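This report concerns only the one structure given below.
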Amino acid sequence: MSAFAHVPASKPDAILHLNTLFAQDQSPNKVSLGVGAYRDENGKPWILPSVKAAEAVISADLTKYNKEYPPQPGYPLFLKSCQEFLLGEDHTAIAEKRVASCQSLSGTGSLHVGMCFLMNNYAGHQFYMPSVTWPNHYGIFEKAYGKQSKYLEYTYLFKDGQLKIDFESMKKDMNNAPNESIFLLHACAHNPSGIDLSKDQWMEVLAIFKAKKHVAFFDVAYQGFATGSFEEDGFATRLFAREGVEIVVAQSFAKNFGLYGERVGCCHIVHTDQNNAQLTLNLQGYMCLIVRQTWSMSPVHGAYIVQTIGQDPELKKQFLVDVQTMSSRIKKMRQMLYDELMRIGTKGDWTHILTCIGMFTFTGLTPAQVEHMKVKHAVYLVTQGGRMSMCGLTEKNVAYVAAAMKETVENVK
Ligand SMILES: Cc1ncc(COP(=O)(O)O)c(C=O)c1O
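The opening position of the sequence shown corresponds to residue 30 in my numbering, with each subsequent residue numbered one higher.
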């Protein structure tokens, strides 16, 4: 008998498992609205034209863009590009050298580096997650902080099922937390709900963070996806970094660059000590240590793509158009689905399909309705909140999906 025979079957990740089920489904009408990856108007994966152009630049000069190990924190031009995409080119935190950055493995690796950093250097400070969040946050927290550590939750949406932020309760939770707590915040395009704070609400949250000296841990997985603008989607991060809040950032280039499988991202710590460049180096050095002990060096190819686009004004311009292309298609699909639901007389209030932002929408379909959508209509949604990835909708399948939703809400409670 194997020495490992005691190892039990692992519970599959709910979202990834949905992809497996979808691949096995033989229905000619099947529609995948589970996976968080952009699809073009034909439902196919899309490589951004700016990324294709950057690939051409890279492959034309493999002496420059070689396969050597990169410097431990990542190539300087890559880090510069990451900071500029995140904060804008002329942000005071960059000018004041308060931004410590280290390349990491997409958003997930950056969350890991940020949480390990806090666990080791800011222990004993309570960690808060939004009451609904990307489920992998829990696992990444457990890995970094250890099984015995407990995070708490702060209110995000109303508990009674209303698809709105319960802002008064959120503020109360942030005010009642011990001073110097750590809050995980979705910078934009909240996953899974698709419901974000307004700018005025972010200003109120900022005031609480300043008064309570909380640390803001921003998950920046969708910058550009929410509104089509890096500046708009960077509002909260840029504000907090300017206004003297200590922030940690997990930056992913999976969605906005379409570099899902390249695993390219960056962890940043923006501290508040002006003119303390040594501290910036120390923080970067600590993140490098975590990377060194975990995967040693981050991969270069995706980093070359990000820095090539980030440092070439023409390619950057093209890239920002590409991001617009993706976010406008998502907005168009929101409108088409809503119009079709109205046209066929689907009961219920569906305005949130229009007001949600980014890749996802909490449809509000119950777990039983989500199951029915899968079994009867071969339309795949995530059970939590009936989360729908708007990217899986196309002009060809939107009427089919709307009809399936109508039939489901009429017949399944
Ligand atoms: C909220 C959120 N954070 C982080 C990630 C990390 O993604 P990746 O590791 O692919 O960059 C995701 C991916 O779905 C996400 O939705």
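Beta carbons: idealized from backbone N, C-alpha and C, even for Gly. The structure displayed is predicted, hence computed values, not measured ones.
In angstroms, rounded to a whole number, what distance separates the CA positions of residue i and residue j?
i	j	result
Val350	Ser357	10 angstroms
Val411	Leu235	32 angstroms
Met355	Gly257	8 angstroms
Gln230	Pro105	35 angstroms
Gly421	Ile359	9 angstroms
Lys16	Leu115	Past the boundaries of the shown model lies residue 16; the chain is included only from 30 to 442, so the question cannot be answered.
Asn440	Ile373	15 angstroms
Leu77	Ser31	47 angstroms
Asp302	Arg127	7 angstroms
Gly290	Ala66	11 angstroms
Glu84	Met199	44 angstroms
Trp163	Ile87	34 angstroms
Gly527	Lys93	Any answer about residue 527 is impossible in this case: the structure gives the chain only from 30 up to 442.
His406	Lys59	7 angstroms
Ser39	Pro74	29 angstroms
Asn204	His219	22 angstroms
Leu45	Phe196	31 angstroms
Phe33	Arg321	29 angstroms
Arg68	Gln347	19 angstroms
Asp225	Asp90	42 angstroms
Asp54	Tyr409	10 angstroms
Gly314	Gln101	9 angstroms
Leu288	Tyr167	24 angstroms
Glu209	Gln155	8 angstroms
Ala82	Glu343	11 angstroms
Pro328	Phe51	30 angstroms
Val64	Thr395	18 angstroms
Asp15	Ala129	Any answer about residue 15 is impossible in this case: the structure gives the chain only from 30 up to 442.
His401	Glu436	10 angstroms
Ala206	Leu108	34 angstroms
Gln280	Phe238	21 angstroms
Met158	Leu214	8 angstroms
Ser227	Ile382	17 angstroms
Cys111	Pro57	42 angstroms
Leu47	Cys385	23 angstroms
Just to check, is the beta-carbon of residue i closer than 7 angstroms to a non-hydrogen atom of ligand 1?
i	result
Gly287	no
Ala265	no
Trp324	no
Thr137	yes
Gly65	yes
Asp248	yes
Asn58	no
Asn220	yes
Trp75	no
Ala43	no
Ala283	yes
Gly294	yes
His141	no
His215	yes
Trp163	yes
What is the C-beta distance between residue i and residue j, in whole angstroms, given that I count them as a contact (C-beta under 8 angstroms)?
i	j	result
Phe259	Gln252	6 angstroms
Gln132	Ala332	6 angstroms
Met417	Thr390	5 angstroms
Met388	Glu424	Their Cβ separation, rounded to whole angstroms, is 18 angstroms, which puts Met388 and Glu424 out of contact at 8 angstroms.
Val244	Tyr180	That pair is no contact at about 13 angstroms.
Arg334	Phe264	The displayed chain sequence assigns Ile, not Arg, to residue 334. Contact flag wrong, Cβ pair sits at about 26 angstroms.
Met419	Met362	5 angstroms
Distance cutoff 8 angstroms, beta carbons only. Does residue i sit that close to anything in chain B?
i	result
Thr423	Note that chain B does not occur in the displayed structure, where there is just one protein chain.
Between the Cα of residue i and the Cα atoms of the options, which residue gives the shortest distance?
i	options	result
Val161	Tyr104, Glu182, Ser61	Glu182
Val142	Leu115, Glu125, Glu171	Glu171
Val193	Glu113, Pro221, Ser130, Lys435	A small correction: the amino acid at residue 193 is Lys; Val does not occupy that position in the sequence shown. Cα-wise, what sits closest to Lys193 is Pro221.
Glu125	Met316, Pro99, Arg271	Arg271
Cys296	Asp119, His406, Val278, Ser325	Val278
Tyr98	Phe196, Trp324, Thr392	Trp324
His120	Asp202, Leu268, Thr395	Leu268
Gly138	Leu310, Thr337, Gln353, Gly294	Gly294
Val399	Cys385, Gly414, Ile169, Met388	Gly414
Leu62	Thr437, Val430, Lys435	Val430
Leu186	Gly287, Gly393, Gln353	Gly393
Gly136	Glu343, Met434, Asp248	Asp248
Asn305	Gln280, Asn95, Gly175, Ala122	Ala122
Val274	Asn426, Phe212, His330	Phe212
Pro426	Gly175, His300, Glu70, Met371	Contrary to the premise, residue 426 reads as Asn rather than Pro in this sequence. Asn426 has its Cα closest to that of Glu70, out of Gly175, His300, Glu70, Met371.
Gly175	Met232, Cys317, Met144, Thr309	Met144
Asp262	Gly117, Asp341, Thr337, Lys376	Gly117
Lys376	Ala250, Ala433, Lys188, Phe282	Ala433
Lys201	Ser178, Phe146, Val438, Glu233	Glu233
Return yes when the C-beta of residue i is under 7 angstroms from any heavy atom of ligand 3, and no when it is not.
i	result
Val404	Ligand 3 is absent from the structure shown, which contains only ligand 1.
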